[in-house]
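Asks: There's a structure below that I have some questions on.
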Amino acid sequence: MATERNIRTNFAFYPPEGKGGAWHATLQALERALREGFPDPTIGHRRSGIHEMTVLDFEIELAPDVWVNGTAAVTEPDYAYITLIDVTADEAGVFAVWLRDSFVPAPNLVRFASSLAMANGEDTPSPLPAAGSREDISGRLRRHLETFDY
20 MATERNIRTN FAFYPPEGKG GAWHATLQAL ERALREGFPD PTIGHRRSGI
70 HEMTVLDFEI ELAPDVWVNG TAAVTEPDYA YITLIDVTAD EAGVFAVWLR
120 DSFVPAPNLV RFASSLAMAN GEDTPSPLPA AGSREDISGR LRRHLETFDY
């Protein structure tokens, strides 16, 4: 019987192409949503040397003893991203469903990419399905990774 690999990579989430402000969000709104959505998050703000803007760094507990780290930049009206660092597809799936269902104003406003895909030449984010359970979305993210895991 084959066993599934537990691939770890970075996952990034973006608004739709050409609609960077579609989330109608701010870093303060994201911070508030993270505090409401996850128990005892660790959140900090810093100046990004890469993007020359203030970013939000966070650590959240997705499930008991399952912590993920991320970074987000939201500069309305034209730029937004949230990146999860060194996560599995299942971990990213939990976050993606929360993002889609609890933070963005409509479920069709999230695209995703992975550092594994980017390292293999795929730099175009894919749309996150507008419907589906955490298991469905995690499965979609696993299949995405399998495409690039040679």
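Under our numbering, the first residue of the sequence shown carries the number 20, and numbering increases by one thereafter. Beta carbons are placed, not taken as given, at the ideal position from N, Cα and C, and that holds for glycine.
When the distance is taken between beta carbons, is A115 closer than 8 Å to P34?
Replies: Against the sequence shown, residue 34 aligns to sequence position 15. Against the sequence shown, residue 115 aligns to sequence position 96. Cβ atoms of P34 and A115: not closer than 8 Å.
Asks: Is DSSP giving G89 helix, strand or coil here?
Replies: Here residue 89 is taken as the residue at index 70 of the sequence shown, counted from 1. G89: strand per DSSP, three-state reduction.
Asks: When the Cα atoms are used, what is the spatial distance from E71 to G63?
Replies: As a first step, residue 71 is located in the sequence shown; it is residue number 52 there, counting from the start. As a first step, residue 63 is located in the sequence shown; it is residue number 44 there, counting from the start. Looking at the two C-alpha atoms, the distance is approximately 16 Å.
Asks: Quick one: Cα of I26 to Cα of F122, how far?
Replies: Here residue 26 is taken as the residue at index 7 of the sequence shown, counted from 1. Here residue 122 is taken as the residue at index 103 of the sequence shown, counted from 1. Distance between the alpha carbons of I26 and F122: 26 Å.
Asks: Which residue from L118, T102, T73 puts its Cα closest to that of L128?
Replies: Here the question's residue 128 lines up with position 109 in the sequence shown. Measuring from the Cα of L128, the nearest candidate turns out to be L118.
Asks: Using a Cβ cut-off of 8 Å (strictly closer), state whether D97 contacts chain C.
Replies: Absent from the structure is chain C; it holds one protein chain and no more.
Asks: Would the region 102–115 count as touching the region 149–161 if we require 3 or more Cβ pairs under 8 Å?
Replies: Enough Cβ pairs lie closer than 8 Å, so yes.
Asks: Given T94, which residues of its chain have a CB within under 7 Å of its CB, disregarding the five upstream and five downstream residues?
Replies: Here residue 94 refers to the residue found at position 75 of the sequence shown. Only M72 meet the Cβ criterion.
Asks: Please classify G140 as buried or exposed, where buried requires at least 16 other C-beta atoms within 10 Å of its C-beta.
Replies: Stepping through the sequence shown from its first residue, residue 140 is reached at position 121. Counting Cβ neighbours within 10 Å, G140 comes out exposed, since fewer than 16 surround it.
Asks: What's the gap between the Cα of P148 and the Cα of A132?
Replies: As a position in the sequence shown, residue 148 is number 129, starting the count at 1. As a position in the sequence shown, residue 132 is number 113, starting the count at 1. Taking the straight line from one Cα to the other gives about 13 Å.
Asks: Let me know the alpha helix (DSSP H) ranges lying completely inside the region 73–134, each 4 residues or longer, listed in chain order.
Replies: Within the region 73–134, the complete alpha helix (DSSP H) runs of at least 4 residues are 108–117.
Asks: Which same chain residues, not among the five before or five after G112, have their C-beta less than 6 Å away from its C-beta?
Replies: Numbered from its first residue, the sequence shown carries residue 112 at position 93. Excluding positions up to five away in sequence, the list reads R153, I156, S157, L160.
Asks: Tell me which residues share the same chain as D76 and place their Cβ nearer than 6 Å to its Cβ, disregarding the 5 neighbours each side in the sequence.
Replies: Residue mapping note: residue 76 aligns to position 57 of the sequence shown, counting from 1. Taken in chain order, the residues that qualify are G63, T90.
Asks: Does the beta-carbon of V85 have 16 or more other beta-carbons within 10 angstroms, so that it is buried, or is it exposed?
Replies: Within the sequence shown, residue 85 is the residue found at index 66, counting from 1. By the neighbour-count rule (16 or more Cβ atoms within 10 Å), V85 is not buried but exposed.
Asks: Is A138 buried or exposed, if buried means 16 or more other CB atoms sit within 10 Å of its CB?
Replies: Position 119 of the sequence shown, counting from 1, holds the residue named residue 138. Flag for A138 reads exposed.
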